[in-house]
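Asks: This is the structure, below, for whatever I ask next.
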Amino acid sequence: MASNAFATTSPLSVPIFLKQGFSTVLEFRESPSKVVLGDAGSFQIEKLETSIAIKPLTPYATTNMLVYFKNEAMRLFILSAAEEAEPTLFRSFKKSVILIPLTAAAPAIKKNFKPQVIETGLSLIQVSADQKKDYVTVDFWVSSGSGKLIPDWELVRLKTGADTAKPSKIWSERREVQSGTRIKARAIFARPNIRMTSAQLVLPLVGKAKGLTLKVGGNL
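This is the structure:
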């Protein structure tokens with residue numbers, strides 16, 4: 002009977018950030034009966050008593066992971082590995098999982114309730130630099146209000162007038178941005194030889210004539 006109940010519900014996905022050289026341990030209330038990886042070649046999984054240890058095998062990788070139990074509902078995780086990530090070293094999931102019934106009626110919406118509207122574009126998280134300003138790091142959000150966006154990450158640039166700077170490293174939570182969502186990204190520039198006071202971050206989009214821009218000058 003328990004398996005039938007689980008079949009009509011959808012688990013919330015949990016993001017887990019990893020970094021090569023570090024292990025991440027996820028602890029549960031009972032021992033996992035089965036672990037399924039979307040990309041088994043990029044991550045190493047070790048089952049312990051009531052935990053699993055995850056280790057990325059490549060610097061950059063993203064996949065989904067399904068963890069099944071005998072008496073608990075299945076859990077869904079999104080694994081993201083990157084060199085610039087702050088890895089999740091340990092997380093405990095000993096509390097009951099939250100389930101969303103797929104067939105349940107939608108809750109009534111209050112008249113004064115305004116749903117959050119996501120607009121397509123870039124928004125700045127922070128701009129930082131080391132003491133000598135040899136490296137400038139730009140953390141930002143990439144949002145898609147409607148339709149899937151495919152950023153051309155290889156062509157990200159800092160631009161001031163006709164002068165441009167290419168990042169030495171670029172990282173993002175995912176390679177694409179689904180409709181109505183946003184992802185976090187980071188670009189690191191080594192000794193950018195441009196005037197930072199009026200610099201803009203330019204992110205071209207695959208299949209689009211016009212890319213996205215973000216003013217970053219004046220934030221250092």
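Residue numbering for the sequence shown follows the working numbering, starting at 2 and increasing by one per position. For every residue, glycine included, the Cβ atom is placed at its ideal position computed from N, Cα and C.
(1) For the beta strand (DSSP E) containing Val207, name the first residue and the last one.
(2) How close, in whole Å, do the beta carbons of Met48 and Val36 come, if the pair is a contact with beta carbons under 8 Å?
(3) For the beta strand (DSSP E) containing Val157, list its first residue and its last residue.
(4) Counting Cβ pairs, one atom from each stretch, are 3 or more of them under 8 Å apart for the stretch 189–209 and the stretch 148–167?
(5) Bridge partners for Phe18 per DSSP, in chain order?
(6) Could you check if Pro223 is buried or exposed, using at least 16 other CB atoms within 10 Å of its CB as the buried criterion?
(7) Verify whether the separation of the beta carbon atoms of Glu31 and Ser52 is less than 8 Å.
(8) With distance defined between alpha-carbon atoms, name the residue in Asp135, Val26, Phe78, Tyr136 nearest to Ser93.
(9) In or out: Lys71 buried (at least 16 other Cβ within 10 Å) or exposed?
(10) Hey, how far is the Cα of Pro168 from the Cα of Ser129?
(11) Using the beta-carbon count (16 or more within 10 Å), is Ile126 buried or exposed?
(12) Apply the 10 Å Cβ neighbour rule to Glu50 and answer buried if 16 or more other Cβ atoms are within range, or exposed otherwise.
(13) Shorter than 7 Å, the distance from the beta carbon of Thr89 to the closest heavy atom of the ligand MG, or not?
(14) What does a CB cutoff of less than 7 Å around Phe7 pick up in its chain, not counting 5 residues either side in sequence?
(15) Is it the case that the Cβ atoms of Thr161 and Ile195 are separated by a distance below 8 Å?
(16) Check this for me: beta carbons of Ile184 and Arg175, under 8 Å apart or not?
Replies: Once the coordinates are examined:
(1) Premise fails: Val207 is in no beta strand (DSSP E) and is neither H nor E.
(2) The sequence shown places Lys at residue 48, rather than the Met named in the question. About 7 Å; that satisfies the 8 Å criterion.
(3) No beta strand (DSSP E) contains Val157, which DSSP labels as neither H nor E.
(4) yes
(5) Ser81
(6) Only positions 2 to 221 of the chain appear in the structure, and residue 223 is not among them; the question remains open.
(7) no
(8) Val26
(9) exposed
(10) 14 Å
(11) exposed
(12) exposed
(13) By its list of ligands, the structure shown contains no ligand whatsoever, and the ligand MG lies outside what it can speak to.
(14) Only weak support exists for where Phe7 lies, its pLDDT of 46 falling under 50; the value from the coordinates is given anyway. Result list for Phe7: Ala74, Met75, in chain order.
(15) yes
(16) yes
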